[in-house]
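First comes the structure, then the notes that go with it.
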Amino acid sequence: MNKTILGYVPEESPIYNLHPFVRVYFLMIVSLWPMIISSPEWNFALIVVVLILLEYSRVTLSTLKLYVPVSVSMGVLILLSYTILGGRHPEFYEVFNILGMPIYFERIVAAVEVYMRILPMIFVMVFFLSTSRERDILVAMRWARMPFTVTYLVAMSLRAVGMVIEDFSIVRQAEKARGYDPKGKSIPYKLRQFVMYIIPLMGLAIRRSEEFANALVARGYSFTGLRRVKRPDYVLTKYRFKALDGIIVIILTLALILLVFARYGLGMFTLEGSLTMKWLQQWLVGGAG
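Just so you know, we're using my numbering here: the sequence shown kicks off at 22 and counts up by one.
Next comes the structure, spelled out in structure tokens:
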């Protein structure tokens with residue numbers, strides 16, 4: 022089993038047949054698709070594709086249930102911010118009224134559009150982090166000839182994220198061992214007790230930063246010096262960019278170009294022509310009428 026940033030993936034997973042740069046490139050390109058596509062059903066189709074890729078990569082799909090509360094709460098917050106906190110707009114169509122607060126059809130549609138754009142990007146990021154190791158990201162950056170300083174900064178950031186997650190788990194288990202159980206408690210109580218996590222984590226983060234600095238000094242690393250000195254990339258010798266990798270990069274690039282042309286040149290993938298828009302009109306506007 023290979024330990025990824027968000028979990029574990031079998032070493033024989035098909036995803037490891039691809040060069041690390043291809044996986045990073047997939048994240049960069051596919052994350053742009055929901056920003057271009059306004060139609061919610063097409064963004065939902067992208068979520069389905071990502072789920073298929075997760076299953077194909079042999080990622081345990083049961084781990085996705087951890088992100089369900091976050092996704093639901095995010096959707097509720099977006100809906101509330103666009104409807105209840107959206108203000109009064111007499112030019113919009115009022116669907117119904119809640120305690121004197123008008124709920125407009127246009128604001129509901131805007132909330133659905135924003136939510137269905139953010140959700141696929143979250144799934145794409147979860148797919149990438151569930152199948153990628155810290156080393157894969159660094160190899161991709163070094164293969165793309167990124168400066169050593171930038172690469173090392175990203176490496177320390179990724180390592181810090183992993184350490185914070187591990188430290189949070191340790192602190193949480195320590196609090197449970199002392200009798201603290203947040204189950205059944207109210208949200209205000211949980212927020213007050215959250216300080217029990219923040220203070221130890223801040224102390225551990227300061228200690229980790231000092232350990233990082235000492236380790237860098239001990240190993241002779243320095244971010245200063247002559248720029249003409251080339252650092253050897255021994256790790257790149259273990260990865261080979263194959264023909265399949267190049268084909269996938271070309272396909273992703275062409276797909277992005279075609280998507281931009283279809284969206285802004287042909288007027289496709291718009292919210293106005295989507296099935297979701299028609300369903301909402303029939304359900305809210307038609308039903309109200």
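Virtual Cβ for every residue (Gly too), placed ideally from N, Cα, C.
At least 3 beta-carbon pairs within less than 8 Å: the stretch 79-95 vs the stretch 41-48: Verdict: no, contact absent.
With 16 other Cβ atoms within 10 Å as the buried cut-off, status of G294: Start at 1 with the first residue of the sequence shown, and residue 294 comes out as number 273. Per the 10 Å Cβ criterion, exposed.
Cα-Cα separation between M22 and L159, rounded to whole angstroms: On the sequence shown, residue 22 is found 1 positions in, with the first residue counted as 1. On the sequence shown, residue 159 is found 138 positions in, with the first residue counted as 1. Our two residues, M22 and L159, have alpha carbons roughly 20 Å apart in a direct line.
Cut-off 8 Å between Cβ atoms - residues of its own chain near P31, not counting five sequence neighbours on either side: Counting from 1 along the sequence shown, the entry for residue 31 is found at position 10. Within the same chain, and ignoring the five residues on either side of P31 in sequence, the residues whose Cβ sits closer than 8 Å to its Cβ are M22, N23 and R79.
8 Å CB neighbourhood of S102 in its chain, flanking five on each side removed: Numbered from its first residue, the sequence shown carries residue 102 at position 81. The residues A132, in chain order, have a CB closer than 8 Å to that of S102 in the same chain once the five nearest residues on each side in sequence are set aside.
Simplified DSSP assignment, three categories, for I219: What you label residue 219 is simply residue 198 of the sequence shown in a count that begins at 1. In the structure shown, the three-state DSSP call for I219 is helix.
C-beta atoms of L27 and V147 nearer than 8 Å: Taking the sequence shown and counting its residues from 1, the one referred to as residue 27 is at position 6. Taking the sequence shown and counting its residues from 1, the one referred to as residue 147 is at position 126. Contact: yes.
6 Å Cβ shell around L247 - same chain, five flanking residues per side excluded: In the sequence shown, counting from the first residue as 1, residue 247 sits at position 226. Residue placement at L247 cannot be trusted, given a pLDDT of 48 that sits under 50; the coordinates are not used to answer.
Rounded C-alpha distance that separates I267 from E196: Here residue 267 refers to the residue found at position 246 of the sequence shown. Here residue 196 refers to the residue found at position 175 of the sequence shown. The residue asked about is misnamed: residue 267 is Gly in this sequence, not Ile. Using only the alpha carbons, I get a separation of about 50 Å.
DSSP-derived helix/strand/coil call for V124: Within the sequence shown, the letter at position 103 stands for residue 124. Checking the sequence shown, residue 124 turns out to be Ile, not Val. Three-state DSSP puts I124 in a strand.
Unbroken beta strand (DSSP E) run spanning E115, endpoints: As a working mapping, residue 115 is identified with position 94 in the sequence shown. In this chain, the beta strand (DSSP E) harbouring E115 covers E115 to I119.
Counted within 10 angstroms of its Cβ, other Cβ atoms place R163 as buried (16 or more) or exposed: As a working note, residue 163 is residue 142 in the sequence shown. Per the 10 Å Cβ criterion, buried.
Among E62, I68 and E76, the one whose alpha carbon lies nearest that of P35: Position 14 of the sequence shown holds residue 35. Check the Cα spacing between P35 and each of E62, I68 and E76: the tightest is with E76.
Straight-line Cα distance separating S60 from L53: Position 32 of the sequence shown, counting from 1, holds the residue named residue 53. Position 39 of the sequence shown, counting from 1, holds the residue named residue 60. The straight-line gap from Cα to Cα measures roughly 14 Å.
Alpha-carbon spacing of R229 relative to L179, whole angstroms: Reading the sequence shown from its first residue, position 208 is the one you call residue 229. Reading the sequence shown from its first residue, position 158 is the one you call residue 179. Cα-Cα distance, rounded: 13 Å.
Residue closest to M142, alpha-carbon to alpha-carbon, out of A176, T170 and P55: As a position in the sequence shown, residue 142 is number 121, starting the count at 1. The candidate whose alpha carbon is nearest that of M142 is P55.
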